[in-house]
Each structure stands twice: as structure tokens, then as C-alpha cells.
Amino acid sequence: MDIGDLRGLGTLVVAIAFIGLAFWVFNSKRNPEFAEARMAPFADEPLPSHAEEQSVVEHPVERSTQP
């Protein structure tokens, strides 16, 4: 067994793992499990309540005079 055979076996193992993972992810039985994860990029952060908005006072930003 030389290095070429070893590389071929490594490629075969990775290909089988990729195909198995693809079947696992795209299995229709797992659809409910991944439904929330699919929407994660579209989830917004919760908006602050109206009371919290009034308590926050914005101050103008001052630039530094130092180089």
C-alpha cells in the first residue's frame, strides 16, 4: 500500500461522509427540526420597549482634537 492508495481511501471516506450528511440534512423527517434554523438569518433583534426608549438620552458625539 503506497501513498496513492492511502489518499484514495481518504477521498472515499470523505465522499461517503459528505453523501451521508447530505442525506441526513435533506431528509424530509428532519424538516421540523431545521425549520427554525432556516429562519435564523431573517430573525431580528427584539425592539426595546417604549419606556426604555424614553429613558435613553442621546448625546452628540464630540470629535477628539488630538492627532
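Position in the sequence shown (first residue = 1) + 745 = our numbering. All C-beta atoms, glycine included, are put in the ideal place defined by N, C-alpha and C.
C-alpha gap between residue i and residue j, whole angstroms
i: Ala785; j: Phe779; result: 10 Å
i: Val770; j: His804; result: 49 Å
i: Arg775; j: Leu766; result: 12 Å
i: Leu751; j: Arg783; result: 38 Å
i: Leu754; j: Ile761; result: 11 Å
Proximity test, Cβ basis, 8 Å: residue i and chain C
i: Lys774; result: Absent here is chain C; the protein component of the structure consists of one chain.
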